[in-house]
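Just so we're aligned, residue 66 is where the sequence shown starts under this note's numbering, counting upward by one.
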Amino acid sequence: MSMKLWRVLTVGFIALLFSSGRSDKMVAIEDPLISKNPLDQISWVDSVFNSLSFEERLGQLFMVAAYSNKDQRHVDEIANLVKSENLGGLIFFQGGPIRQARLTNYYQEQAKTPLFIAMDAEWGISMRLDSVPDFPKAMTLGAVQDSELIYEMGSQMAMQFKELGMHINFAPVVDVNSNPENPVIGYRAFGENKKLVAQRAIAYMKGLQDHGVIANAKHFPGHGDTEVDSHYSLPVIKNPEQRIWDVDLYPYQELFRENLMSVMVAHLNIPSLDPATNMATSLSKKVVTDLLQNQMNFQGLIFTDALNMRGVAKDNAPGEVDLKALLAGNDILLYSQDVPKAKAIIKRAVEDGMIEEGEINRRVKKVLKAKYWAGLNRYKPIKTEGLIERLNTPETKVITEELYADALTVAINKDGLIPFKQLDLKSFASLSIGDEGEEFQRYLSKYTKFEHFSIRKAADQTTHYNTMKKLEDFDVVVVGLMGITNSPSRKFGIAPADMELLKNLSKRQKVVVVLFGNSYAAQYLEGLDNVVFAYENNDLTQELAPQILFGGRSAKGILPVSVSDQFIQGVGGFLPGNNRLSYGTPESVGLDSKVLDKIDEVAAKAIRIQATPGANVLVVKNGKVVFERSYGQLEYKSSPKVNSETVYDLASITKVLATTQAVMFLNSRGDLDMNKTLGDYLPELKGTNKENLVLKNVMMHESGLVAYIPHYVKTVENGSWRGDYYKPSAEPGFNRPVSNDMYGRNDLRDSIWNWTVESKLLPKSGGRYKYVYSDLTMYFMQAVVERVVNQPLNEFMDQNFYEPLGLHTLTFLPTEKMPIDNIAPTEDDVTFRKRQVQGYVHDPGAAMFGGVAGHAGLFGKANDLAVMMQLMLNRGYYGDVALMKGQTVDAFTRLQSSQSRRGWGWDKPDQELGKGGSAGDLAPKSTFGHTGFTGTCVWADPDNNLIYVFLSNRVYPDANNTKLLKEGIRTEIHDIIYEAMGMKSPKD
């Protein structure tokens, strides 16, 4: 018999059998329990069924609770029930994956008939087990508009279930939560709109069932309009039958059309469906048989809700309640409190004619048919080795990130404040109310300078007053509202005094509130101008919310419930981002995280061989930071560990992220011509050997300038610095910091400039200057820039680049802006300064120049460099800041030299040899970037929209340490990144 014919006959038989039902409500469905091999399924079912006695068959209708965090006594009790009662299955609760897997294997060994293993895992197995991350809860999913993401979540859940040898997930919740005071559903529901609920539930269900796990819709016929928790009492729902059909049953009808395999019947009292006094729906034949099976034509498995819940247990004794549930029409009795007693009572009921043995047998075969579908006909023990890793896949992380990101909802956005436009907003503060919001505040600081404050929930009046005073001078205050609960009776953990604080702040400045928790809590945020819903409070939502606020991601979520007059169902929707960096997982942009993990080995090697005491590595793909790790310490001896906020001396990266940027800026505006000469911009060079040097040749290091001039040697004598050049403390005429407790003459910069101008040029060869990489190029280009803009280079860069881009730690003269403790130390300078250098530029010439030089002096952290390089990949714009024309970026970053690998200012991979040069061997020719003497590099690849940042202080404590270069640490890491994209290493 063909599969198509089998399904046609099945549907026809079902339609005939139940033709007396309510035709206007009946859903035409196939039998959802039929497998792809129906004849084999029937054969297996009959074989197992015939091997069982009647009492053993009865056992198949029971599932009891099992735990993997309880003692041996519990284990023995469950094993005894499995063997003696031939249980149909187990529902696992709290514990751990490995422990549960081992117990599952053990219990299956004891079972005559393979056990159904189930879990109530609405937001994934993390709801019950440790060592695995959460998926979003249903209310969060209700805000997600892309149902395909929810389907993918279901498929990932199914993968985890199968790894744990489980077959049934008691999810999704399809209650239409129409009552905000609902104490038991609330955030567990997709929302209050029946169509939205049905759409999300179908995606969730299909994700599970398409991948071999039975979905279970609950709580039939609908638990959404109640203010009583059925765990503790029997809720009464007084809605008329038509309203129940129109709202509560709508999602079930839609799921039945899509072949939902099982339903859980709730413990509710609904007089319009069954007028019997205190009748629970789970024990009502009118509900379970007449409504669910006959009128709605449902042919899948029917489970009771847990029979130990007070909604039924307080009025029905163990065993008796099981019989009532069976008589009502349920197939599987969940969480039975006394299986032997229940079986004995049911057996007597059969003998007394209350229920026919044939009906019992039909339900047993129904259970066995579902077991075949779930693969229990070919049961295999769980492999525990590597289980945790298999449960925590990169794909799971990707889908979780995407779901939480797409759920974030900008509900109110007065005057389009979000995403923030940094050109208009100069000062930001954050305030965390409630639980610590460390991740939230950390990610806010990735976008601009923030001052962070925290107060406990329901703080006293003095604390609120002091907080107001601290925040009064900021343009924008971003509030993370933490510590939200799910209790309507306790106002969801919202303190009225805290809301008063927010409203007072809003009268004075722009306030943005991010609600990290139950969206129903927003009813207490009425009147605020800018509100964002994150729905849950975890590290991921705290990381994602700042990305929405600053435009690193677009906001897409819609509010799935009506909370108040201001916050109604459907607010929110698409709000475009503005192309700032976002943050996420490697697999979300097509990189292999396992390959990227090899960077750890290379970094560990660098530290082990003392190539550098520590390092930061950052990778950006498609505008998203997907790898950011810190290694080692600031020093080899016991010292603070490197972290993402560690600021490094960037050395020659200054050339491309300061001076070259300024040159590009001016060239883009027509204020600087690369075909003109130094003499055209610096009249004092007239008559010198530098007068006719063409700017583009200077920027390519092909203008005859010598590589380096050790200016400091003219200011030292007999191994010590001369007193006529330096003083140990500032005094009149000596106010130029060179290092800690070392001040140079005020005219020292003039001396260096004169010595540089007076330097000889290299001889020409064949009528042209050869390529010689020279620091002097940027002394002259700095002078050109400062002459054109009539402003010091550092001030110009702060004003036009770093501050508008939010880069408060990318700076010259860092000790003027930040504590020295988080700045990595560089050389123990025994030749010139005679001291450990930290917080002052390592390069002696740049130090003598006042710490602001065209070739060195810039400090920064990895994220700062990523932003600057993304500006380049964006061809001159970032966020709401446009700094130069795309053609200018193209011109400066492409190969300009015929005798070297240089652009204008920028380094490139070695074009001649096809090797990487200072870049990795796999870097394409489009790549551009630079390295720094202190052990740094930054590379951007337009072909692959890729950025690589490596920061270290390899010159600590000795600048003669060249292991980082000799071992090829930086280039090896660069190649690993390309390998993570699927490219082959030249070593393979």
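We treat Cβ as the ideally placed atom computed from N, Cα and C, and that holds for glycine.
Is there a Cβ from chain D that is less than 8 Å from the Cβ of residue i?
i, result
"LEU758", "Looking for chain D here will not work: only one protein chain is present."
So, are the CB atoms of residue i and residue j less than 8 Å apart?
i, j, result
"TYR444", "PRO179", "yes"
"GLY904", "THR874", "no"
"GLY642", "PRO383", "no"
"ALA716", "ASP863", "no"
"ILE1042", "GLN935", "no"
"PHE285", "MET329", "yes"
"GLU501", "THR205", "no"
"PRO1022", "ASP1008", "no"
"ASN531", "TYR943", "no"
"GLY919", "ILE718", "no"
"LEU1101", "GLY1000", "As shown, the chain starts at 66 and ends at 1053. That puts residue 1101 outside it, with no answer to give."
"THR742", "LEU731", "no"
Less than 6 Å between C-beta atoms, sequence neighbours within five positions excluded: which residues of the same chain meet that for residue i?
i, result
"ALA927", "ASN681, LEU683, VAL1014, LEU1016"
"SER519", "SER497"
"TYR729", "One detail in the question is off: residue 729 reads as Met in this sequence, not Tyr. MET949, THR953, PHE957, listed in sequence order."
"VAL596", "ALA476, ILE477, VAL578, LEU590"
"ASN134", "GLN159, GLY160"
"PRO300", "THR291, VAL293, LEU333"
"LEU117", "none"
"SER733", "MET949, LYS950, THR953"
"SER629", "GLN588, GLU591"
"THR528", "ILE520"
What whole-angstrom Cβ distance do residue i and residue j have, given they're in contact under 8 Å?
i, j, result
"ALA236", "ALA186", "6 Å"
"LEU214", "LEU468", "5 Å"
"MET374", "SER295", "6 Å"
"LEU399", "PHE368", "5 Å"
"SER1114", "GLU466", "With the chain running from 66 to 1053 in the structure shown, residue 1114 is simply not present."
"LEU614", "VAL543", "7 Å"
"ARG814", "PHE914", "5 Å"
"GLY289", "ILE250", "6 Å"
"SER347", "ALA378", "At roughly 11 Å, the Cβ-Cβ gap does not stay under 8 Å, so SER347 and ALA378 are not in contact."
"ASP563", "ALA610", "18 Å between Cβ atoms; not a contact."
Which same chain residues, not among the five before or five after residue i, have their C-beta less than 7 Å away from its C-beta?
i, result
"GLN221", "GLU460, THR461, ILE464"
"PRO906", "Note on identity: in this sequence residue 906 is Val, with Pro being the wrong assignment. Only ASP714, ALA912, GLY916, ALA921, GLY922 meet the Cβ criterion."
"ARG87", "Residue confidence is low: ARG87 scores 42 on pLDDT, short of 50, so the model does not pin down where it sits. Its coordinate-derived value is still stated next. Around ARG87: GLN360."
"PRO405", "GLU150"
"ARG428", "LEU126, ASP396"
"ALA1045", "PRO651, LEU656, ASP657, VAL660, LEU661"
"GLY154", "MET128, LEU180, PHE181, ILE182, ALA183"
"ARG167", "THR449"
"ILE1034", "VAL667, ALA671, ALA676"
Residue range of the alpha helix (DSSP H) that residue i falls in?
i, result
"LYS436", "422 to 438"
"THR532", "526 to 536"
"HIS284", "Per DSSP, HIS284 belongs to no alpha helix (DSSP H); it is in the beta strand (DSSP E), 279 to 285."
"PHE114", "103 to 115"
"GLU319", "315 to 322"
"TYR844", "841 to 854"
"THR1057", "In this structure the chain extends from 66 to 1053, so residue 1057 is not present and cannot be described."
Pull up the DSSP beta-bridge partners for residue i, would you.
i, result
"VAL576", "VAL542"
"THR1001", "GLY997"
"HIS517", "SER495"
"PHE730", "According to DSSP, PHE730 bridges with nothing at all."
"SER695", "ASN681"
"ASN478", "ASN595"
"GLN901", "ASP893"
"SER327", "ASN281, LEU366"
Which two residues bound the contiguous beta strand (DSSP E) that contains residue i?
i, result
"SER804", "801 to 804"
"VAL660", "Where VAL660 is concerned, there is no enclosing beta strand (DSSP E), although the alpha helix (DSSP H) it sits in stretches over 658 to 661."
"VAL1014", "1011 to 1017"
"THR169", "No beta strand (DSSP E) holds THR169; the alpha helix (DSSP H) holding it covers 162 to 175."
Please list, in chain order, all residues of the same chain as residue i whose beta carbon is under 8 Å from its beta carbon, the five residues on each side excluded.
i, result
"PHE861", "ALA727, VAL850, GLU851, VAL854"
"PHE539", "SER492, PHE493, ALA494, GLU516, GLN574"
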